[in-house]
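These notes concern the structure reproduced below.
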Amino acid sequence: MSQPFVLSPDLQQAVTAFFQRIPFNQFLGIEITELSEEQVTMHLPMKPELIGNFVHGILHGGVISSLLDVCGGAMALIGAFANHQHLPATERMSKLSKLGTIDLRIDYLRPGRGQRFTATAMPLRAGNKVAVIRMELHNDEGVLVAVGTGTYLCG
Numbered sequence: 104m105s106q107p108f109v110l111s112p113d114l115q116q117a118v119t120a121f122f123q124r125i126p127f128n129q130f131l132g133i134e135i136t137e138l139s140e141e142q143v144t145m146h147l148p149m150k151p152e153l154i155g156n157f158v159h160g161i162l163h164g165g166v167i168s169s170l171l172d173v174c175g176g177a178m179a180l181i182g183a184f185a186n187h188q189h190l191p192a193t194e195r196m197s198k199l200s201k202l203g204t205i206d207l208r209i210d211y212l213r214p215g216r217g218q219r220f221t222a223t224a225m226p227l228r229a230g231n232k233v234a235v236i237r238m239e240l241h242n243d244e245g246v247l248v249a250v251g252t253g254t255y256l257c258g
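The working numbering puts the last residue of the sequence shown at 258; the count rises by one with no breaks.
Here it is as structure tokens:
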């Protein structure tokens, strides 16, 4: 019987460091604010480089998709840590290094208006090889801008 998974502060720091090292995440300005077994939360401040519709100052759809994918990937990584905690460290790291997006569906519900956006991700299923994650994006007024479902290779 395996032990219950606990996302320790050291593991939270490792996941945060992993995502902060990705140059594209740095360029976008993604901030990780919550990592737990049940949810990941990230924020994105609006900046001129992220505008897709310059007439209305709306967040680019590709940025929305990227943010939701990064948030979903972090949730999948946490699920993979939980599922592979029984493995020796080298084998666990080998599996985790293969994390990647298999499928991503984004539904754009409203224009991305705002100064700060919040992305959340919750696991729908975290298997040994594949995780399915549900994501949402809200603006700074709490308006739901987009939702997504991602399927991630995690083992």
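Each residue gets a CB set at the ideal place from its N, CA and C atoms; glycine is no exception.
Could you pull the DSSP bridge partners for Asn287 from this structure?
Outside the displayed range of the chain (104 to 258) lies residue 287, so it cannot be described from this structure.
Looking only at DSSP bridge pairs, what is Leu212 linked to?
Counting from one through the sequence shown, the residue named residue 212 turns up at place 109. None, per the DSSP bridge assignment.
In angstroms with no decimal places, state the Cα-to-Cα distance between His241 and Thr221.
Looking up residue 241 in the sequence shown gives position 138. Looking up residue 221 in the sequence shown gives position 118. If I take the Cα positions, the gap works out to 5 angstroms.
First and last residue of the beta strand (DSSP E) that includes Glu194?
Taking the first residue of the sequence shown as 1, we reach residue 194 at position 91. Taken as a continuous stretch (DSSP letters only), Glu194 belongs to no beta strand (DSSP E), being part of the alpha helix (DSSP H) at Ala192 to Leu199.
Length of the line joining the Cα atoms of Ile181 and Gly258:
Start at 1 with the first residue of the sequence shown, and residue 181 comes out as number 78. Start at 1 with the first residue of the sequence shown, and residue 258 comes out as number 155. Their Cα atoms are separated by approximately 12 angstroms.
Between the Cα of Ala170 and those of Gly203, Ala120 and Glu134, spot the shortest distance and give me the residue it belongs to.
Counting from 1 along the sequence shown, the entry for residue 170 is found at position 67. Note that residue 170 is Leu in the sequence shown here, rather than Ala. Residue Glu134 is the option with its Cα nearest to Leu170.
If Ile167 sits next to Val248, beta carbons under 8 angstroms apart, how far is it from one beta carbon to the other, in whole angstroms?
Taking the first residue of the sequence shown as position 1, residue 167 is located at position 64. Taking the first residue of the sequence shown as position 1, residue 248 is located at position 145. Going by Cβ atoms, the distance from Ile167 to Val248 rounds to 7 angstroms, so yes, they are a contact pair.
List the endpoints of the continuous beta strand (DSSP E) containing Phe108.
Here residue 108 refers to the residue found at position 5 when the sequence shown is read from its first residue. Unbroken run through Phe108: none, as it is neither H nor E.
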